[in-house]
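Residue numbers (our numbering): 4 to 207.
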């Protein structure tokens with residue numbers, strides 16, 4: 004699996020540069036830390052869905068079928084890449100927001116822990132829900148609905164997080180604890196999703 008991940012990153016240099024530019028520019032444009040979840044999710048969308056598009060175009064799946072590579076490794080690499088790209092985008096985003104806060108470009112009080120947890124919840128659930136559809140129907144056939152799902156949920160998350168924060172405070176539960184529970188659920192969703200995707204991949 005590690006070799007597959009290294010290969011995917013090595014052939015996606017331009018996409019990584021695009022993700023880097025995006026993670027630098029987005030917080031500067033919006034100047035609102037809650038959009039950290041949007042940055043993380045859309046960075047994964049740009050990178051991982053871009054890989055699916057390239058693999059479908061180049062018929063890489065046919066190459067995989069004649070290579071001694073397990074379906075678990077092929078599919079697992081994509082899920083691992085979701086987490087890796089999310090982590091890279093989040094680290095960059097945190098640094099940018101920290102610098103902007105120190106220079107009074109962002110005046111709100113930033114809760115980095117809550118924002119990071121919210122970002123992971125968004126990425127994990129959206130990736131977990133959509134990737135099996137890509138394996139089932141292919142990138143081209145599933146591209147449009149999945150694009151709307153990723154972009155729609157990514158931009159809706161900051162508002163949802165604010166509502167969750169308010170409700171958790173009213174109920175007496177710390178927002179961080181609620182988001183931490185959500186992150187555990189998102190990780191579980193990704194794990195179940197990966198098993199489903201492996202089953203789909205083996206049947207194709």
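Where a beta carbon is used, it is the ideal one built from N, C-alpha and C, also for glycine. Quick caveat, the model's predicted, so the values are computed rather than measured.
Chain B contact for residue i (CB, 8 angstroms cutoff)
| i | result |
| --- | --- |
| residue 113 | Absence of chain B from the displayed structure is noted, only one protein chain being present. |
Local Cβ density within 10 Å of residue i, reported as buried at 16 or more and exposed below that
| i | result |
| --- | --- |
| residue 98 | exposed |
| residue 50 | buried |
| residue 100 | buried |
| residue 194 | exposed |
| residue 143 | exposed |
| residue 181 | buried |
| residue 93 | buried |
For residue i, the three-state DSSP class (helix, strand or coil)
| i | result |
| --- | --- |
| residue 113 | coil |
| residue 39 | helix |
| residue 64 | helix |
| residue 24 | helix |
| residue 196 | helix |
| residue 4 | coil |
| residue 106 | coil |
| residue 207 | coil |
| residue 121 | helix |
| residue 13 | helix |
| residue 136 | helix |
| residue 73 | coil |
Euclidean distance between Cα positions of residue i and residue j
| i | j | result |
| --- | --- | --- |
| residue 151 | residue 70 | 34 angstroms |
| residue 200 | residue 145 | 14 angstroms |
| residue 156 | residue 46 | 13 angstroms |
| residue 8 | residue 80 | 6 angstroms |
| residue 6 | residue 110 | 44 angstroms |
| residue 206 | residue 189 | 26 angstroms |
| residue 118 | residue 52 | 24 angstroms |
| residue 112 | residue 105 | 11 angstroms |
| residue 16 | residue 22 | 10 angstroms |
| residue 75 | residue 83 | 12 angstroms |
| residue 61 | residue 48 | 19 angstroms |
Inter-residue CB distance, residue i and residue j (contact presumed, cutoff 8 angstroms)
| i | j | result |
| --- | --- | --- |
| residue 44 | residue 126 | 5 angstroms |
| residue 89 | residue 123 | 7 angstroms |
| residue 42 | residue 114 | Incorrect: roughly 16 angstroms between the Cβ atoms, too far for contact. |
| residue 40 | residue 121 | 5 angstroms |
Report task. Count the C-beta pairs between the stretch 127 to 137 and the stretch 23 to 34 that are closer than 8 angstroms, then say yes if the count reaches three, no if not. Result -> Touching, no, given that fewer than three Cβ pairs across the two stretches are closer than 8 angstroms.
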